[in-house]
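**Q**
Residue numbers (my numbering): 76 to 266.
1) State yes or no: is the C-beta of residue 279 within less than 9 Å of the C-beta of residue 242?
2) Residue 237: which of 228, 257, 251 sits nearest, CA to CA?
3) Which whole runs of the beta strand (DSSP E) in the segment 124-156 are 3 residues long or more, in chain order?
4) Return the chain-ordered ranges of every beta strand (DSSP E) run that is complete within the segment 155-229 and spans a minimum of 3 residues.
5) Quickly, what does DSSP pair residue 239 with across the bridge? List them, please.
6) Using CA coordinates, which residue listed in 102, 206, 141 is at the minimum distance from residue 119?
7) Looking at the strands, I want to know which residues DSSP matches up with residue 232.
8) Do residue 122 and residue 156 have their C-beta atoms closer together than 9 Å?
9) According to DSSP, simplified to helix, strand and coil, what is residue 263?
10) Could you tell me whether the segment 188-203 touches the segment 83-102, where touching means 3 or more Cβ pairs closer than 8 Å?
11) For the alpha helix (DSSP H) containing residue 108, list its first residue and its last residue.
12) Contact check, residue 251 vs residue 204 under 8 Å by CB: the rounded distance?
13) Should residue 87 be flagged as near chain D, meaning a C-beta pair shorter than 9 Å?
14) Would DSSP call residue 248 helix, strand or coil?
15) Nearest-angstrom Cα distance between residue 146 and residue 239?
16) How would you label residue 214, buried or exposed, when you count the other beta carbons within 10 angstroms and need 16 or more for buried?
17) How about residue 182 and residue 153: do their beta carbons lie closer than 9 Å?
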C-alpha cells in the first residue's frame, strides 16, 4: 500500500504545473474569474481582502476592481511574525505599496486597519474538500482561526485549474475554504 503524498510533494507538483503556465494563460484566467465574479452577494461596504500576487499566483486585482465597482471596500494583508494572524489594511488601486518583511508589497502602515468579511486567498494546491496548501508558514490558517472566533469570514481561494489535487492531508489546525474559484470552475464547500 503506497503512502499518501506529503504536503511538500503535492505543493511542489502544483507549483510546477502553475509555473508552466504562460503569462497569457495566467492573465486570461484572472480575467475569466473577474468576469464571473464571486458566487455570493456583495453588499456595499463589504470588506474584501485580496493579496499581492507573488511566484506566479493568479492575480486577484481584476476581481478586486470589479468588486470595488460594486461597492466593496478593499484591503490587502500585512504579514507579521510567523504563527501570528495577518493584519489587513485598506487599499485602493492608486495606493502606493511598500515592501513588507517578506518582500511582498503591502499597504502603508498608515493605511486604516480593516477586518475582512471575505478573504481572497492565494494557494499552492487545493482539493475538492476545500483544503488548501500554502507555502507552509500557516499565515492564513492562523488568520481564519483568529478572525472566525469573533467575526464571520468567508474564505475564497483563487487558483488555476492545474493546481487541483485529488486529496490534501488536512491536519487539525488546517482551515478549509468556503470556495475555490478557477478559470474553469466554482467550487462551493459550504454545507
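Built from N, CA and C at the ideal position, the CB exists for glycine as well.
**A** Working from what's here:
1) With the chain covering only 76 through 266, there is no way to say anything about residue 279.
2) On the chain shown, residue 237 is found 162 positions in, with the first residue counted as 1. With distances taken between Cα atoms, residue 237 lies closest to 257.
3) 148-153
4) 162-165, 193-196
5) Walking along the chain shown from the start, residue 239 turns up at place 164. Its beta-bridge partners are 201.
6) Here residue 119 refers to the residue found at position 44 when the chain shown is read from its first residue. Here the closest residue by C-alpha is 141.
7) Walking along the chain shown from the start, residue 232 turns up at place 157. Note: residue 232 sits in a beta bridge opposite 196, 255.
8) Mapped onto the chain shown, residue 122 falls at position 47. Mapped onto the chain shown, residue 156 falls at position 81. Taking 9 Å as the Cβ cut-off, residue 122 and residue 156 do not qualify as a contacting pair.
9) Here residue 263 corresponds to residue number 188 of the chain shown, with the count starting at 1. Strand, per DSSP.
10) Remark: three or more beta-carbon pairs, one from each stretch, lie closer than 8 Å, so the segment 188-203 and the segment 83-102 are flagged as touching.
11) As a first step, residue 108 is located in the chain shown; it is residue number 33 there, counting from the start. Note, residue 108: alpha helix (DSSP H), 98-111.
12) Residue 251 sits at position 176 when you count from the first residue of the chain shown. Residue 204 sits at position 129 when you count from the first residue of the chain shown. Contact flag correct, Cβ pair sits at about 7 Å.
13) The chain labelled as chain D is not found in the depicted structure, where only one protein chain is given.
14) Here residue 248 corresponds to residue number 173 of the chain shown, with the count starting at 1. Here residue 248 carries a coil assignment [DSSP, helix/strand/coil].
15) Counting from 1 along the chain shown, the entry for residue 146 is found at position 71. Counting from 1 along the chain shown, the entry for residue 239 is found at position 164. CA-CA distance, residue 146 to residue 239, rounds to 31 Å.
16) Looking up residue 214 in the chain shown gives position 139. It counts as buried.
17) On the chain shown, residue 182 is found 107 positions in, with the first residue counted as 1. On the chain shown, residue 153 is found 78 positions in, with the first residue counted as 1. Yes, they are a contact pair.
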